[in-house]
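Inspection log for the structure reproduced underneath, given as structure tokens.
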Amino acid sequence: MTSPLIRLLSPIVLGGVLLAQGRESDAGLVALHQARLDATTDAVVLNVAAHPDDEASRTRLMLRRKYGARVVTVYATYGDGGQNAIGREIGPELAYIRVRETLRAAAMSDVEVRWLGFPDFGFSKTLEETLSVWGEDRLRAAMRGVIAEVDPDIIVTNHHIERGHGHHRACAWAIQQVLDERQAAGQRGIPMFGRCGPEDAWVTVDPGELDPVRGRTWARLAHDAWVQHESQGPWGPHDPMHVSKEWWELVHPKDVAKRAYSGWEEVLRDHIDAESEYVRPLPIEQLRRQSLAWLERSQQAGRSADGDRMIDKLQRLALAAHDVSIETWLDGDIVPVGGEGRVDVVVHGHERMTDLGVVCDGVAATLVNAPVRTRVFELPPPPVDPAAKPKPMAGRFTVPFSPRAGENGEAPPGPEPSNVTVEIAFRIEGVPFRVLRTMAYTTVDPIVVRLDRDVMMVP
Numbered sequence: 314m315t316s317p318l319i320r321l322l323s324p325i326v327l328g329g330v331l332l333a334q335g336r337e338s339d340a341g342l343v344a345l346h347q348a349r350l351d352a353t354t355d356a357v358v359l360n361v362a363a364h365p366d367d368e369a370s371r372t373r374l375m376l377r378r379k380y381g382a383r384v385v386t387v388y389a390t391y392g393d394g395g396q397n398a399i400g401r402e403i404g405p406e407l408a409y410i411r412v413r414e415t416l417r418a419a420a421m422s423d424v425e426v427r428w429l430g431f432p433d434f435g436f437s438k439t440l441e442e443t444l445s446v447w448g449e450d451r452l453r454a455a456m457r458g459v460i461a462e463v464d465p466d467i468i469v470t471n472h473h474i475e476r477g478h479g480h481h482r483a484c485a486w487a488i489q490q491v492l493d494e495r496q497a498a499g500q501r502g503i504p505m506f507g508r509c510g511p512e513d514a515w516v517t518v519d520p521g522e523l524d525p526v527r528g529r530t531w532a533r534l535a536h537d538a539w540v541q542h543e544s545q546g547p548w549g550p551h552d553p554m555h556v557s558k559e560w561w562e563l564v565h566p567k568d569v570a571k572r573a574y575s576g577w578e579e580v581l582r583d584h585i586d587a588e589s590e591y592v593r594p595l596p597i598e599q600l601r602r603q604s605l606a607w608l609e610r611s612q613q614a615g616r617s618a619d620g621d622r623m624i625d626k627l628q629r630l631a632l633a634a635h636d637v638s639i640e641t642w643l644d645g646d647i648v649p650v651g652g653e654g655r656v657d658v659v660v661h662g663h664e665r666m667t668d669l670g671v672v673c674d675g676v677a678a679t680l681v682n683a684p685v686r687t688r689v690f691e692l693p694p695p696p697v698d699p700a701a702k703p704k705p706m707a708g709r710f711t712v713p714f715s716p717r718a719g720e721n722g723e724a725p726p727g728p729e730p731s732n733v734t735v736e737i738a739f740r741i742e743g744v745p746f747r748v749l750r751t752m753a754y755t756t757v758d759p760i761v762v763r764l765d766r767d768v769m770m771v772p
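Take 314 as the starting number for the sequence shown in our numbering and just add one per residue.
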């Protein structure tokens, strides 16, 4: 039987890319713009996809980056029933690769990911076939759970109940089933939008538009994320000459008079405050003071689900205004049961902070000691006094963590990675900050080497 560690050699390579192709920096003009935009909206979007790469990549990117909405994409399967364009892994081994590719793409678009975990049994011709395998009640319950957890203001999906792959149809069916239930129970209605042609469009968006902050079109930014699904390629280069608009129709509820919207801001107008104080033009020094005042005011308002999200948004705004960026990464994203992982943290702008501390799973991080380096052909460095203590490097931390094993003490089953969260706490001008960073890693069973015969020395 193939060792789990050997089975994950391909994901190791991909995991290395995940560290490089992650979220945008917390600091800089782009981060400052995005943080101010995010603070003006409480909109939440759920994007439903049957398989990895079925996400509405361009539209979800625009909803996240252009309108500042929180976007969550839920995948019904891990996509392991398809082909593999980069290796020989299929089935469960391919699922590990698909999951990591999806996480890379999501990180580049700054969207969250959820999984329903239904089997991907290859191409399905009909809705009925898929429901017979997945189970109507199980699918309904899973979709009901993710809609309740995310609590979206709108739902978007590329899938249609009467078109395409059976898995696609089943996803559209499940959403409508849950929305019908909510409507019958008198719960808040959630509009569901599906892709359509221009003649049926309620909402028209143009991915060929330029993002004036990043200096690239939405289509090109989305393509950069899209091609992270390497095992489903090969993908061609982005072609700016063939970027079409995208059209969305209201699928649920049906009994609403049709309207034409030129963009999502009209659909989400009740959740977007374009006149918010957070977007007032202010000199940077005044913005730094004001961002701390906004954050402190929000903290004093009390904790709640919405309050926590607002505090997080205002923290990011204040950090960007103060040129503070926090880098976190794992020393390795595969950790054996009984082994030890390591989180590394670099806090840029630590000189503006007080009471800086880093904790992971209740373990306090230690400062990294300054390295001693010499160049080739240089004279040897002067002798180091063994009694002298190494000088710690401010703002650079490392902390170990133990991998999470399954109930039987072995690596957890399935392709979904485990998560480790590091907390960075500090104060800026007396205002407390608490930044949480969650990173994904895979737990594997350790490799054990046993001799199955006596060792003999032969000439």
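For each residue, glycine too, the CB sits at the ideal point set by N, CA and C.
The beta strand (DSSP E) runs of length 3 or more contained entirely in the region 500-568 are, from start to end of the chain, 505-509, 516-518, 559-565. For R740, the enclosing beta strand (DSSP E) has its first and last residue at 731-741. Residue pairing of I468 in beta bridges, as defined by DSSP: L359, M505. If you look at S638, you'll find it in the beta strand (DSSP E) that goes 638-643. M706 carries a strand assignment under DSSP once its states are collapsed to helix, strand and coil. As summarised for the region 362-430, the continuous beta strand (DSSP E) elements at least 3 residues long and confined to that stretch are 383-388, 425-428, given in chain order. Between the region 498-507 and the region 535-548 there are fewer than three inter-stretch CB-CB distances shorter than 8 Å, so the stretches are not counted as touching. Under the 8 Å Cβ criterion, the region 523-530 does not count as touching the region 470-488, having fewer than three qualifying pairs. By the neighbour-count criterion, in which a residue is buried when 16 or more other Cβ atoms sit within 10 angstroms of its Cβ, I597 is exposed. Under the 10 Å beta carbon count, I403 is surrounded by fewer than 16 other beta carbons and is classified as exposed. DSSP places L600 inside the alpha helix (DSSP H), whose first and last residues are 597-613. Between P649 and L643, the alpha-carbon positions lie close to 14 Å from each other. Under the Cβ criterion (8 Å, minimum of three pairs), the region 701-713 counts as touching the region 675-683. In this model, D355 and D583 are separated by some 9 Å (Cα to Cα).
Inclusion of W561 and V516 in the CB contact set at 7 Å is warranted, their separation being smaller than that value. Q545 and A398 have their alpha carbons spaced roughly 6 Å apart. The C-beta of K626 has 16 or more other C-beta atoms within 10 Å across all chains shown, which makes the residue buried. Here R766 carries a coil assignment [DSSP, helix/strand/coil]. Between the alpha carbons of A514 and Q599 lies a gap of roughly 44 Å. Secondary structure of H478 (DSSP, three-state): coil.
Secondary structure of M752 (DSSP, three-state): strand. Just measuring C-alpha positions, the residue of V385, F714, V761 sitting nearest E425 is V385. For L749, same chain residues with a beta-carbon under 7 Å away, outside a window of 5 residues either side, are T734, E736 in chain order. Counting only residues of its own chain and dropping the five nearest sequence neighbours on each side, E609 has a CB closer than 6 Å to the CB of V744. Residue A454 holds the alpha-carbon nearest to the alpha-carbon of R495 among H478, A454, G521, H481. Annotated as proximal: P728 and V412, with beta-carbon spacing under 7 Å. Here the alpha carbons of G479 and E578 stand approximately 32 Å from one another. The continuous beta strand (DSSP E) containing G670 extends over residues 667-673.
The Cβ atoms of D393 and L407 sit closer than 7 Å to each other. Here D433 is not near T470, since their CB atoms are 7 Å or more apart.
Under the DSSP assignment, H661 falls in the beta strand (DSSP E) whose first and last residues are 654-661.
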